[in-house]
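In my numbering, the protein residues as written are 14 to 377.
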């Protein structure tokens, strides 16, 4: 994440979710069909009695209905969809209600375990309800008793989706239409945490009972090499160890391996659940104290306290036969055990910068 600085005191700007974009464009297209009015902006109702007005790039008739598009504005959030064109094509239907379809760039669910059924377009429940509510209000205003066929698409969404967790979750062909409030809060962790939880849910629903939560690509490779785990069983937790561990309370599995860089695992061992450098720091004096319990000399302890990195401190220990990596993993496991249900068998692994395992702790 980008750091905030004192030289940049102004508040960060919020943006709009893909769910809000889909709602605005579907509402504008439907309004054109019912009233003949082509607008350049759409005012929509959001959850919690809020409203928003989104500018439109186009609103026009098309074959079989009408279409509208808007550029996704994520505000100051580093969202992969920022600047993407979200569009809706709407057709009128005799049967009341709203039926949703995936257009180009919007994915489709192919695995069980998500809130949407297999085969459904990846348009999440809250955006669906937002569209239903706004279209129902329009229909009432216009005296229309029929229904709507709504197709949502995102230009370039299939390529953008490869930068997200969608392929691993079994959402193929594009991005998801997301959002619970309609508003994107800059640097909110909610979406990432939700993807961790979804990853665990999807893995369980597909029969995987041994999962590995990893901080990055190198740790994933280490777990894949050790256990041959399917991609669906590899959970990309990033720095959010707490989110992964806590979700096991309601979604337990038989075996759960946690793997990360030695420095991040040392933070977990020290009792931190958020492993990002903005929220927790590597404690070199603590590492030296743990090494002392393993028989490290006073000189080694001092050298560890003066080390530049945790990896350097670890290398100093390894040179003198001190198994600090295993000890740190054992402490991390003991801390994680306080969070995770007893029925879940836990394991913790640490790797160096080259992806080599430098420590492990296993429960029998």
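Every residue gets a Cβ at the ideal spot worked out from N, C-alpha and C, and that includes glycine.
None of the values given here were measured: they were computed from a predicted structure.
{"Check": "Under a three-way DSSP split, which group does residue 18 fall into?", "Outcome": "Unreliable placement is indicated for residue 18, whose pLDDT of 31 sits below 50; no coordinate value is reported for it."}
{"Check": "If you compare alpha carbons, which of 294, 61, 91, 235 is closest to residue 368?", "Outcome": "235"}
{"Check": "Tell me the DSSP secondary structure of residue 78 in three-state form.", "Outcome": "strand"}
{"Check": "Nearest chain D C-beta to residue 243 closer than 7 Å, yes or no?", "Outcome": "The chain labelled as chain D is not found in the depicted structure, where only one protein chain is given."}
{"Check": "How is residue 73 classed by DSSP in three states: helix, strand or coil?", "Outcome": "strand"}
{"Check": "Tell me where the beta strand (DSSP E) around residue 221 begins and ends.", "Outcome": "Careful: residue 221 lies outside any beta strand (DSSP E) and carries neither H nor E."}
{"Check": "Just to confirm before moving on: does the CB-CB distance between residue 316 and residue 329 stay below 7 Å?", "Outcome": "yes"}
{"Check": "For residue 18, count neighbouring C-beta atoms within 10 Å of its own C-beta (all shown protein chains included) and say buried if the count is 16 or more, exposed if not.", "Outcome": "The predicted model places residue 18 with a pLDDT of 31, which falls under 50 and marks its position as unreliable; any figure quoted below should be read in that light. Flag for residue 18 reads exposed."}
{"Check": "Does DSSP put residue 289 in a helix, a strand or coil?", "Outcome": "coil"}
{"Check": "To the nearest angstrom, how far is the alpha carbon of residue 78 from that of residue 100?", "Outcome": "13 Å"}
{"Check": "On the three-state DSSP scale, how would you describe residue 260?", "Outcome": "helix"}
{"Check": "DSSP on residue 370, reduced to helix/strand/coil?", "Outcome": "strand"}
{"Check": "Just grab the DSSP bridge partners of residue 136 for me.", "Outcome": "190"}
{"Check": "Looking at the structure shown, is residue 206 part of a helix, part of a strand, or coil, going by DSSP?", "Outcome": "helix"}
{"Check": "For residue 295, tell me which candidate among 269, 93, 242, 327 has the shortest Cα-Cα distance.", "Outcome": "327"}
{"Check": "Give the straight-line distance between the Cα atoms of residue 159 and residue 57, rounded to the nearest whole angstrom.", "Outcome": "20 Å"}
{"Check": "Tell me where the beta strand (DSSP E) around residue 273 begins and ends.", "Outcome": "268-274"}
{"Check": "Residue 16: buried (16+ other C-beta within 10 angstroms of its C-beta) or exposed?", "Outcome": "Residue placement at residue 16 is flagged as unreliable, the pLDDT there being 34, under the threshold of 50; a coordinate-derived value is accordingly withheld."}
{"Check": "Could you name the residues that DSSP lists as bridge partners for residue 331?", "Outcome": "Answer by DSSP bridge pairing: none, since residue 331 is not bridged."}
{"Check": "The alpha helix (DSSP H) that contains residue 313, what's its start and end?", "Outcome": "311-318"}
{"Check": "From the DSSP secondary-structure annotation, give me the bridge partner or partners of residue 121.", "Outcome": "134, 185"}
{"Check": "So, do the region 140-153 and the region 36-48 have three or more beta carbon pairs nearer to each other than 8 Å?", "Outcome": "yes"}
{"Check": "Starting from residue 360, follow its DSSP beta bridges and name the residues at the other end.", "Outcome": "270, 375"}
{"Check": "Quick check on DSSP: helix, strand or coil for residue 278?", "Outcome": "helix"}
{"Check": "Report the option in 306, 54, 87, 50 whose CA atom is closest to the CA atom of residue 29.", "Outcome": "87"}
{"Check": "When the Cα atoms are used, what is the spatial distance from residue 243 to residue 237?", "Outcome": "8 Å"}
{"Check": "Are there 16 or more other CB atoms within 10 angstroms of the CB of residue 263, so buried, or fewer, so exposed?", "Outcome": "exposed"}
{"Check": "Alpha carbon to alpha carbon, how far is residue 135 from residue 116? Give it in angstroms, no decimals.", "Outcome": "10 Å"}
{"Check": "Evaluate the contact criterion for the region 163-177 versus the region 91-106: three or more CB pairs, one atom per stretch, below 8 Å.", "Outcome": "yes"}
{"Check": "Return the residue from the list 351, 350, 361, 31 that minimises the CA-CA distance to residue 189.", "Outcome": "31"}
{"Check": "In the DSSP output, which residue or residues are listed as bridge partners for residue 165?", "Outcome": "101, 115"}
{"Check": "Skipping 5 residues on each side, what residues in its chain have a beta carbon closer than 8 Å to that of residue 59?", "Outcome": "33, 65, 143, 194, 195, 196"}
{"Check": "Quick check on this structure: which residue in 152, 52, 253 has the alpha carbon closest to the alpha carbon of residue 203?", "Outcome": "253"}
{"Check": "Within 8 Å, do at least three Cβ pairs link the region 333-347 to the region 274-294?", "Outcome": "yes"}
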